[in-house]
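Following: one structure in structure tokens, then a few remarks.
2 protein chains.
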Amino acid sequence: MKTKGPRKKITLTDEQFTAISRALADPRRYAILRQIAAAGEMACCRLEEHEVISPATISHHIKELNEAGLVEVEREGREANLRVCRLVFEAYVARLASL
Amino acid sequence: MKTKGPRKKITLTDEQFTAISRALADPRRYAILRQIAAAGEMACCRLEEHEVISPATISHHIKELNEAGLVEVEREGREANLRVCRLVFEAYVARLASL
DNA sequence: CATCTATTTCGATGTATGTCGAACCATTCG
DNA sequence: CGAATGGTTCGACATACATCGAAATAGATG
């Protein structure tokens with residue numbers, strides 16, 4: 087069975103690869119990424135992290151994830167909608183797996 | 087074709103997972119890991135990094151990789167033989183891929 | 001407009017970490 | 001034994017970075 091896979095192959099630059107590695111290295115950031123991934127799409131204000139860390143810090147983490155190319159941010163009204171860039175993430179995993 | 091795959095499945099603790107993430111996040115450390123992986127097994131003193139960074143720093147990185155469970159160190163005579171722990175690495179990639 | 005909510009930006013702060021030199025330990029070899 | 005080789009350990013140092021509070025921005029809403 088072919089579970090609606092990626093259409094295109096993506097190649098990451100070395101810079102993006104290390105940016106992603108660093109982005110994933112912080113547990114809090116990884117937890118955020120997981121929530122977004124699990125939800126498919128979610129508003130920033132729905133993140134569990136609001137119980138734990140300040141809005142400023144959350145915003146910072148989102149920015150890191152976004153600049154690494156892992157997360158797409160779409161402002162909609164007053165909130166920010168987050169979505170994982172699957173193609174980029176899969177490209178990262180693939181490259182990592184090839185060691 | 088079944089390319090001599092891993093015998094057992096390994097489950098990583100959360101701590102080990104983040105330790106590996108952090109270990110991979112430094113480009114220098116990742117480069118070292120790649121060399122070891124490419125060689126299958128290699129003496130520490132053969133690492134290209136000796137051209138770039140001090141023995142002390144290399145030793146530090148090896149230690150990090152080892153403590154994360156990614157690299158096995160076996161002292162043989164005066165040199166240290168390095169080998170990638172494939173099972174651990176593959177467990178990491180698998181868990182990462184499942185997001 | 002005034003206010004509330006969601007988010008960002010800025011500056012400050014404490015901690016983590018990559019790096020080094022120097023000293024040290026272990027092994028090999030003359 | 002004494003020197004050379006390969007690694008490690010130990011501070012020290014500089015930079016990176018997670019975090020915060022406060023102030024700013026932007027949209028919704030009364």
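Chains as they are written, first to last, in this note's numbering: chain B, 87 to 185; chain U, 87 to 185.
Cβ coordinates follow ideal geometry from the N, Cα and C atoms, glycine included.
Flag residue i as yes if its beta-carbon sits less than 8 Å from any beta-carbon of chain U, otherwise no.
{"i": "B/Thr-99", "result": "no"}
{"i": "B/Ser-107", "result": "yes"}
{"i": "B/Leu-173", "result": "no"}
{"i": "B/Leu-151", "result": "no"}
{"i": "B/Thr-143", "result": "no"}
{"i": "B/Val-179", "result": "yes"}
Determine the DSSP secondary structure at residue i, reduced to helix, strand or coil.
{"i": "U/Val-159", "result": "strand"}
{"i": "U/Ala-125", "result": "helix"}
{"i": "U/Val-138", "result": "coil"}
{"i": "B/Ala-154", "result": "coil"}
{"i": "U/Leu-119", "result": "helix"}
{"i": "B/Leu-252", "result": "This structure does not reach residue 252 of chain B, given that chain B is present from 87 up to 185, and the question cannot be answered."}
{"i": "B/Asp-112", "result": "coil"}
{"i": "B/Arg-132", "result": "helix"}
{"i": "U/Thr-97", "result": "coil"}
{"i": "B/Ser-107", "result": "helix"}
Would residue i be called buried (16 or more neighbouring beta carbons within 10 Å of its own) or exposed?
{"i": "U/Ala-124", "result": "exposed"}
{"i": "U/Ala-142", "result": "exposed"}
{"i": "U/Cys-131", "result": "exposed"}
{"i": "B/Met-128", "result": "buried"}
Taking 8 Å as the threshold (C-beta atoms), are residue j and residue i in contact?
{"i": "B/Arg-179", "j": "U/Leu-182", "result": "According to the sequence displayed, residue 179 of chain B carries Val and not Arg. Against a cut-off of 8 Å, the Cβ pair of U/Leu-182 and B/Val-179 comes out as a contact."}
{"i": "B/Leu-98", "j": "B/Leu-156", "result": "no"}
{"i": "U/Arg-169", "j": "U/His-147", "result": "no"}
{"i": "B/Leu-173", "j": "B/Ile-106", "result": "no"}
{"i": "B/Glu-137", "j": "B/Ile-144", "result": "no"}
Between residue i and chain B, is the shortest Cβ-Cβ distance under 8 Å, so that the two count as touching?
{"i": "U/Leu-156", "result": "no"}
{"i": "U/Leu-110", "result": "yes"}
{"i": "U/Ala-183", "result": "yes"}
Residues, ordered as in the chain, of the segment 115-141 of chain B that lie near chain U by beta-carbon distance below 9 Å: Tyr-116, Leu-119, Arg-120, Ala-123 and Ala-124
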